[in-house]
Amino acid sequence: MMENIKPSLNFTVICDDARQEVGGKISLMGLFENIYSTSFPASHPRLAIMNEWSDGKGEFEIKLQLLSPDKKTVIREISSKLTLKNVNVRHRDISIHLNIDFQAPGTYWVENFLDGERMNSFPLNVVHVKKQAIH
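In my numbering, the protein residues as written are 12 to 146.
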């Protein structure tokens, strides 16, 4: 049995889409931290969340949650296993989320957990904007 060394969560990125390219490269399109809407509830058609883990070794349970502004309501949740063979390996975890409904403007939260321990809490601002005439 392999000894576990807890990995670090290097970053969390929210974007429109993420793609695995030839040669293992990852392309991120449309990075953002705010979603704008003229009315609520607002439905956001697609977003991708990428996390990078490194400096760890072993098998772990990872969980990502998208929470309402009060941090009590879980809007989306995804869990998976993370296996790192050695401390020199980086793992980039990408999750795609379709048709997310935001009930009201506010600061929503993306939270990442490793074996039940919260590793980060990342804000996603949902902003109400007035309709403007198109010129």
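Note that beta-carbon positions come from the ideal geometry of N, C-alpha and C, so glycine has one too. Just so it is clear, the structure is predicted and the values come from calculations on it, not from any experiment.
Distance between residue j and residue i (C-alpha atoms, nearest Å)
i	j	result
ASP126	LYS141	42 Å
THR118	PHE43	14 Å
PHE51	MET130	31 Å
SER38	GLN114	30 Å
ILE25	PHE133	9 Å
LEU77	ILE86	5 Å
ASP27	GLU128	27 Å
ARG101	GLU14	18 Å
LYS36	THR49	36 Å
Buried/exposed call for residue i, threshold 16 Cβ in 10 Å
i	result
LEU75	buried
TYR47	exposed
PRO18	buried
VAL121	buried
Residue i and residue j closer than 8 Å at C-beta
i	j	result
ASN21	ILE73	no
LEU109	GLY67	no
ILE89	SER106	yes
ARG103	MET40	no
Neighbourhood of residue i by C-beta distance below 7 Å, restricted to the same chain and skipping five residues each side
i	result
ASN45	ASN136 and VAL138
VAL98	ILE16, ASP66, GLY67 and LYS68
PRO116	PHE51, VAL137, VAL138 and HIS139
Residues of its chain near residue i, where Cβ-Cβ distance is below 6 Å and the 5 sequence neighbours each way are ignored
i	result
PHE71	LEU93, LEU125 and ASP126
Contacting residues, own chain, Cβ-Cβ under 8 Å from residue i (five flanking each side not counted)
i	result
THR23	ILE60, MET61, ASN62, VAL121, ASN123, ASN131 and PHE133
ILE111	SER54, HIS55, LEU58, LEU77, ILE86 and ARG87
*Any contact of the segment 75-85 with the segment 29-46, i.e. 3+ C-beta pairs under 8 Å?*
The segment 75-85 vs the segment 29-46: no contact.
_Stretch pair the segment 83-93 + the segment 50-57: three plus CB contacts closer than 8 Å_ = no
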